[in-house]
Amino acid sequence: MRKLALLCLVLSCRSTPQTVPAAPLPVTPPSAERQASPPPPPGIDLSIIDRAVQPCDDFYRFVCGKWLDRTPIPEDRPLWGRAFSAILERNQDVLRQILEKDVRGEPDPADPFVEKVRDFYAECMDEPKAETASFKTLQEQLAAIDAVRDAKALAREVAQLHRDGAKPFFGYTAQQDYKDATQVIGAVDQSGLGLPDRDYYFKEDKKSVELRALYVDNVGRMLALAGLPDRSKRIMALETELAKASMDRVSRRDPNKVYHRLDRAGLTRAAPRFAWDDYFTAVGTPEVQALNVTVPPFFEALDGVTQDFDDLRIYLKWRAIEAAADALGKKFVDERFRFNQALTGAKVLLPRWKRCVTMTDRALGEALGRTFATTSGGEQAKGKAREMIQDIEKAFENNLGTLDWMDEPAKKASLYKLHKIDNKVAFPEKWRDYSKMQIGRESLLANVRAAAEFENARELAKIGKPVDRSEWRMTPPTVNAYYNSSLNEMVFPAGIMQLPFFSPEAPLPSNYGGLGMVMGHELTHGFGDRGRKFDGDGNLHEWWSPQVSKAFTERAECVAKQYDGYVAVDDVHLNGHLTLGENIADIGGLKLMISALRARGPTQEVGGFTPEQQAFIAFGQVWCTNYRPEAARTQALTNPHSTGQWRVNGPASDNPDFAKAFSCQPGSPMAPINRCTVW
Ligand SMILES: [Zn+2]
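Per the numbering used here, the sequence shown runs over residues 681 to 1359.
Printed below as a string of structure tokens:
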């Protein structure tokens, strides 16, 4: 739910984007024998360019063609990208080496929480123990649910599960008040579903029907593994009720549609049968009054769901099992993977150490990340990156002056917003304090729950306190970036400040086409169809005149229509409105990147390519990605980001500088007569 305020570069806004869920042996052997491939040399890669294709016909194919043809997707991955996946793999190797040293008891002076990190990872790597010890932890959790016989007990148990990291019915967290960014309030949001999106519960196409059948089967088998009777159909019926009342993804992109400050009394009126007082006490915020009820009709519907306690208990148990699955024994993990395969297409499960690295990063990312940070670029890289951000911001300012659809007051307010953006680079100045997290050697599941408990308490403790502007929402190794509308800030973790995106030694065009484009993308988010609704102080209100808003919307609709026309896989098109914000950011980012580079003055030709051509090529080569069909389908249906091909050809075809750089004939596929331009 914290995603509500964040706009990310890729995939989900989760810290480390990948699915989890078995291979053996506790720790070691040293990972040297299976190192990920080394980083590519700085600069564009001429060897993967497909010269049989004209850049003006299909730029993606031109810059990535040979890579696409010769790069298989690893068996354990849903997709493989030249930049994102390769760096993720390299970062995982670095983290593994850190963790194995920790387990061997070697000194790790950067990390004051090394014992917790070590115990978490070691417990995770002990698969035979997870088999029995985690199962015991689960049984205790399920036994507690058996005590749910009335509304008060139900509310208390929902609170306990929320603290444990499960999400029955709804989610509850802290949120900056959209309309008063200086305040932190509580927020309750729709949740409680097992399929990736509400629409999956209703769609009648063959694949959706099959997926629902597979899900029901998966629920039944997982319940059986936990020693419970098969009540999967009842669970499906209950989730379908919740799905009906859930707001769809496209609507949720509008911050006005997910902001309803009802406060506690209003929430209680919306859903009077739920024992809210018991819930808020049990979850750890007995006094909370200020609440955003994101989707009021969802909570009204929640009040009408079954009062059959047999059904409610089995639903809570299923939510607990699902949340615990990654930390349980092989049969659970395999069964869960069988279901996930339908969504990702992955052929085999990720090896256990990769899953354990990811889980440790999720649990203790700002402890593990402190050691990771010592292996990253250092002050020189940070300084260079900050310089690039300034260039990109300057390019935005220059461009702002040229816009004919904006009036002077809107330009002035936009400039104010631009100058107020906070930029965070590489890793936090102030690291998270994990002293209160209870990590031990009881079981992996106990540790996963302890990490969730810590995070839940840390999050909810913000309610009613001044906003902490120093916090990071991604861990340092994360290969991603984000813009946060309420804080009006951009964040670039050390994970993405690597080749092929960036290196202090790389030629300017490849740094600008790589990381510069990412910076332009995040900056444009501040002014996209969602981000533009928040002013420079992070407050949600209409700060443009109706004329300017109307002119913006017309331009945005052009982009939505353009991307609606793109095919992700088979007959599945991109959803132009789901991906609108990301596409506006890509189109704007590319424009900013190239004008920032131009302002830096000429650099050298490489392989017969001019500096501007190199920058476009570097940008395109970041997105070279091979997808399994299942993964492309899931992405198109649920993810606000377009697939790799369209993240290149979409923005490039909207960019007149691109057409000029490659001398494209007007009317050619990459230089259409009518372009969409927002910023
Ligand atoms: Zn983005």
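Backbone N, C-alpha and C fix where the C-beta goes; we use that ideal spot for every residue, glycine too.
The structure presented is a predicted model; accordingly, all values stated were derived computationally and were not measured.
A residue is listed when its beta-carbon falls short of 6 Å from at least one non-hydrogen atom of ligand 1; in chain order these are Leu687, Cys688, Leu689, His1201, His1205, Glu1262, Ala1265. Here the stretch 1112–1131 makes no contact with the stretch 937–948; the two share fewer than three CB pairs at distances below 8 Å. Within the stretch 1161–1209, the complete beta strand (DSSP E) segments of 3 residues or longer fall at 1162–1164, 1169–1173, listed in chain order. By the neighbour-count definition (other C-beta atoms within 10 Å, threshold 16), His1099 is an exposed residue. Rounded to whole angstroms, the Cβ separation of Ala854 and Val838 is 18 Å, and the two are not in contact under 8 Å. Distance from the Cα of Lys832 is smallest, within the candidate group Val1358, Pro1184, Thr1290, Val963, for Val963. Asp1148 sits exposed, since fewer than 16 C-beta atoms from the chains shown fall within 10 Å of its C-beta. Under the three-state reduction of DSSP output, His1253 falls in the strand class.
Residue pairing by DSSP places Ala854 opposite Gly866 in a beta bridge. Non-local C-beta neighbours of Ala1075 in its own chain, meaning closer than 6 Å and more than five positions away in sequence, comprise Leu1272, Ser1275, Ala1276, ordered along the chain. In the DSSP assignment, the residues bridged to Ala1106 are Pro1173. Leu1195 and Met1170 do not touch by the CB rule: their CB atoms are close to 12 Å apart, not below 8 Å. For Asp860, the three-state secondary structure derived from DSSP is strand. According to DSSP, Trp760 shares a beta bridge with Asn1306. Out of Ala1061, Met902, Thr1038, the CA that lies nearest to the CA of Lys1010 is found in Met902.
The DSSP-derived three-state label of Val1037 is helix.
Counted as a single uninterrupted DSSP element, the beta strand (DSSP E) harbouring Asn972 occupies residues 971–973. Segment contact: the stretch 734–742 against the stretch 1350–1358, three or more CB-CB distances shorter than 8 Å; contact assigned. The C-alpha of Thr1038 is placed about 11 Å away from the C-alpha of Pro1031.
Rounded to whole angstroms, the gap between the alpha carbons of Leu686 and Thr751 is 32 Å. Put simply, the stretch 955–971 does not touch the stretch 799–807. Fewer than three CB pairs are less than 8 Å apart. The residue among Leu1029, Phe1182, Tyr939 with its C-alpha nearest the C-alpha of Leu971 is Tyr939. DSSP lists Asn972 as the bridge partner or partners of Arg941. Annotated three-state conformation of Leu1124 is helix, per DSSP. Around the CB of Gly1281, fewer than 16 other CB atoms lie within 10 Å, so the residue is classed as exposed. With distances taken between CA atoms, Asn898 lies nearest to Gly874 out of Phe849, Gly874, Lys883. Shortest Cα-Cα distance from Thr961 to any of Tyr852, Glu1262, Pro1189, Val774 involves Tyr852. Taking the Cα of Trp1303 as reference, the smallest distance to any Cα among Ala1295, Pro1320, Val1328 is reached at Val1328.
In this structure, Pro1173 is the residue among Thr1290, Asp928, His1257, Pro1173 with its C-alpha nearest to the C-alpha of Leu768. The DSSP assignment places 794–805, 815–825 as complete runs of the alpha helix (DSSP H) inside the stretch 784–840, in order along the chain (cut-off: 4 residues).
For Leu687, the enclosing beta strand (DSSP E) stretches over residues 686–688.
For Val1247, the beta-bridge partners assigned by DSSP are His1253. Going by C-alpha positions, Ala1043 is about 5 Å away from Ala1131. Note that the stretch 1083–1092 does not touch the stretch 767–786; fewer than 3 beta-carbon pairs, one per stretch, sit closer than 8 Å. Beyond the five residues adjoining it in sequence on each side, Ala846 comes within less than 6 Å, by CB distance, of Arg999, Ala1000, Ala1003 in the same chain, given in chain order.
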